[in-house]
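In this note's numbering, the protein residues as written are 209 to 734.
Every residue gets a Cβ at the ideal spot worked out from N, C-alpha and C, and that includes glycine.
Step one of this worksheet: look at the structure below.
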């Protein structure tokens with residue numbers, strides 16, 4: 209350090225001597241034009257230059273050499289160091305004093321300017337680090353960005369490591385300048401394990417392994433397996449050049465990074481716990497539904513089948529038992545199909561679902577024909593009374609015909625069950641009229657609504673409250689509306705449920721009105 213400083217001072221002194229010779233030559237050549245005042249100002253400019261670019265001792269030496277040069281070459285008697293007049297003494301002394309004062313002020317100004325630049329740079333770094341920590345949403349990105357910011361600010365190799373369960377370190381993040389070979393030379397496992405086990409940093413400014421070629425700063429001041437910040441590019445022979453201020457600043461940054469790391473780590477733990485709890489709740493609800501809703505029809509089927517095997521079963525009883533078996537089997541088949549449909553919808557991305565331009569009128573025609581031809585309803589005398597109203601013909605929506613048909617079937621079944629429940633509850637005023645299917649175009653959207661006169665929903669209910677395996681019926685998984693909701697999401701449609709005036713409910717699928725001018729007729733199925 210001392211050798212380097214001495215070499216720099218020597219080079220500065222040689223440069224100033226060269227400038228002094230040049231200034232003297234110019235002043236001597238043009239002395240008749242410049243006079244003593246101009247010469248003095250030239251030498252003063254030289255002193256200011258030395259004060260700004262060189263050390264203070266070099267600037268002081270420059271002022272003294274300029275004093276001697278003016279005395280020797282330009283003060284009578286010339287070419288001697290004698291001074292003949294008092295005013296010459298006063299001028300020279302004043303020059304020397306002014307030169308020293310100006311040199312001191314210039315050095316102070318340069319120092320203050322440098323400190324201001326450093327403070328501005330540190331403030332910008334602190335702002336960038338704070339923004340990075342506040343906006344970070346992922347731990348890996350937080351650590352990587354922090355390493356990059358520290359490397360740019362302090363010009364040192366930076367990485368963040370963590371010990372695994374076996375005590376072996378692995379890298380979580382590195383600065384952009386960190387190469388693979390540098391990572392290979394990182395601190396030995398013993399030092400990292402000691403820092404992790406004790407929660408104490410290693411640096412020249414602590415009492416722990418001051419000769420280490422790395423600064424090791426743990427995220428946690430207590431024994432833990434939290435990450436450790438590793439600062440490289442440390443010169444032990446010139447350790448003081450790094451400065452305790454740099455170490456203190458980096459240590460403060462580690463404290464801030466650690467707080468953000470703990471925040472994100474806790475947030476991830478909470479999210480994981482919520483997902484586990486949600487998964488367990490769904491599994492519990494599914495198991496409860498299976499135990500209640502599937503065991504009952506299976507028991508009925510088993511009991512009816514066992515009875516049919518008896519030799520003395522009357523024909524009328526056999527017919528009733530066969531109808532019961534068929535009814536319960538249809539229910540189980542419908543339930544199984546709903547579960548499979550919901551699983552397929554949730555496991556398939558929107559891009560994988562084929563969409564085409566469809567006519568709501570044609571899809572509703574398919575649905576009504578389906579109910580009119582189903583022997584299931586005809587055999588039990590449960591034909592569904594459907595009434596269709598279409599405000600505008602030839603409307604088009606971008607949809608998957610099979611999924612939209614399934615959604616309407618589920619809504620109609622739900623409406624039918626609601627009206628049957630109202631009838632069973634002797635709410636005859638709510639069980640009047642057919643199930644209405646309405647197609648309308650309002651506020652830039654095409655709406656397909658299924659209206660019933662059932663029991664309706666509570667005033668605080670909305671479609672976002674629909675949950676799988678949580679149906680309100682005494683029988684069923686509550687999957688019908690969940691499937692409709694999933695189908696609406698796949699079509700970027702809005703699914704809403706509202707109570708009707710006079711009783712009942714209105715379930716609506718609302719689709720975007722397509723830009724007909726952009727339809728590619730060549731890709732539209734006939």
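* Whole runs of the beta strand (DSSP E) within the segment 240-327, excluding any shorter than 3 residues -> Complete beta strand (DSSP E) runs here, min 3: none at all.
* Asked: In chain order, what residues of the same chain lie with their CB nearer than 7 Å to the CB of residue 357, ignoring the 5 residues before and after it?
  -> Apart from sequence neighbours up to five positions away, the residues of its chain that approach residue 357 with a beta-carbon distance below 7 Å are 333, 336, 337 and 340, ordered along the chain.
* Asked: CB-CB under 8 Å to residue 391, same chain, minus the five flanking residues each way: which ones, in chain order?
  -> Here residue 391 scores only 45 on pLDDT, less than 50, and its place in the model is too uncertain to base an answer on.
* residue 638 - DSSP class collapsed to helix/strand/coil -> Caution is warranted here: a pLDDT of 48 is assigned to residue 638, below 50, making its placement in the model unreliable, and no coordinate value can be reported.
* Cα-Cα separation between residue 307 and residue 219, rounded to whole angstroms -> Pairing residue 307 with residue 219, the inter-Cα distance amounts to about 22 Å.
* **DSSP three-state assignment for residue 364, whether helix, strand or coil** => Annotated three-state conformation of residue 364 is coil, per DSSP.
* To do: Tell me whether residue 485 is buried or exposed, calling it buried when 16 or more other Cβ atoms sit within 10 Å of its Cβ.
  => Counting C-beta atoms within 10 angstroms of its own C-beta, residue 485 has fewer than 16 neighbours from the protein chains shown and is therefore classed as exposed.
* Could you give the C-beta distance for residue 400 and residue 436, rounded to a whole number, given that I count them as a contact under 8 Å? -> Between residue 436 and residue 400 the Cβ distance is about 6 Å, and since that is below 8 Å, they are a contact.
* **Distance, residue 402 Cα to residue 370 Cα** => If you take the alpha carbons of residue 370 and residue 402, they lie about 12 Å apart.
* Asked: Where does residue 567 sit, in a helix, a strand or coil, going by DSSP?
  -> Here residue 567 carries a coil assignment [DSSP, helix/strand/coil].
* Secondary structure of residue 510, DSSP reduced to three states -> Of the three classes helix, strand and coil, the one that applies to residue 510 here is helix, per DSSP.
* Asked: What residue from 365, 653, 321 and 665 has the CA that sits closest to residue 600's CA?
  -> Of 365, 653, 321 and 665, the residue nearest in Cα terms is 653.
* Specify the secondary structure class of residue 646 as computed by DSSP and reduced to three states. => It is a strand residue.
* Asked: Going along the chain, which residues of its own chain have a beta-carbon closer than 8 Å to the beta-carbon of residue 293, five neighbours each way excluded?
  -> Take residue 293, set aside five residues on each side of it, and the residues of its chain with a beta-carbon closer than 8 Å to its own are 284, in chain order.
* Asked: Do residue 662 and residue 712 have their C-beta atoms within less than 8 Å of each other?
  -> Yes, the Cβ-Cβ distance between residue 662 and residue 712 is below 8 Å.
* To do: Report yes or no: do the segment 560-574 and the segment 524-542 share at least 3 C-beta pairs separated by less than 8 Å?
  => No, the segment 560-574 does not touch the segment 524-542.
* Just to confirm, are residue 427 and residue 469 a CB contact at a threshold of 8 Å? -> Taking 8 Å as the cut-off, the beta carbon of residue 427 is found closer than this to the beta carbon of residue 469.
* With distances taken from CA atoms, which of 297, 279, 263 and 268 is nearest residue 318? -> Looking at the Cα atoms, 263 is the closest of the given residues.
* Asked: Just the Cα atoms here: how many angstroms apart are residue 329 and residue 409?
  -> Going from the Cα of residue 329 to the Cα of residue 409 covers about 26 Å.
* Asked: Where residue 225 and residue 231 are concerned, what is the direct C-alpha to C-alpha distance, given to the nearest angstrom?
  -> A direct Cα-to-Cα measurement between residue 225 and residue 231 gives close to 10 Å.
* Measure the Cβ-Cβ separation of residue 715 and residue 705 and say whether it is below 8 Å. => Their beta carbons are under 8 Å apart, which means residue 715 touches residue 705 by this criterion.
* What are the boundary residues of the alpha helix (DSSP H) that includes residue 404? -> First-last of the alpha helix (DSSP H) with residue 404: 397-406.
* In terms of residues, what are the limits of the beta strand (DSSP E) holding residue 720? -> Under the DSSP assignment, residue 720 falls in the beta strand (DSSP E) whose first and last residues are 713-720.
* How many Å lie between residue 407 and residue 215 at the Cα? -> Taking the straight line joining both Cα atoms gives about 43 Å.
* DSSP three-state assignment for residue 409, whether helix, strand or coil -> Reduced to three states, the DSSP call for residue 409 is coil.
* What are the boundary residues of the beta strand (DSSP E) that residue 426 is part of? -> The continuous beta strand (DSSP E) containing residue 426 extends over residues 423-426.
* Asked: Any idea if residue 374 is buried or exposed, counting beta-carbon neighbours within 10 angstroms, 16 or more meaning buried?
  -> Burial call: exposed.
* Asked: Is it buried or exposed for residue 477, if we count other Cβ within 10 angstroms and need 16 for buried?
  -> Exposed, because fewer than 16 other Cβ atoms sit within 10 Å of the Cβ of residue 477.
* Quick one: give me the first and last residue of the beta strand (DSSP E) that residue 438 is part of. => Per DSSP, residue 438 belongs to the beta strand (DSSP E) from 436-439.
* Which whole-angstrom value describes the C-beta separation of residue 593 and residue 656, a residue pair presumed to lie in contact below a C-beta threshold of 8 Å? -> Residue 593 to residue 656, Cβ: 18 Å. No contact.
* To do: Just mark residue 512 as buried or exposed, buried being the case when its beta carbon has 16 or more other beta carbons within 10 Å.
  => Buried, since its Cβ has 16 or more Cβ neighbours within 10 Å.
* **residue 573 and residue 621 closer than 8 Å at C-beta** => Not closer than 8 Å, so no.
* To do: Quick one: give me the first and last residue of the beta strand (DSSP E) that residue 381 is part of.
  => Per DSSP, residue 381 belongs to the beta strand (DSSP E) from 377-382.
* Asked: Assuming residue 260 and residue 314 make a contact with CB atoms under 8 Å, what is their CB distance in whole Å?
  -> Correct: roughly 5 Å between the Cβ atoms.
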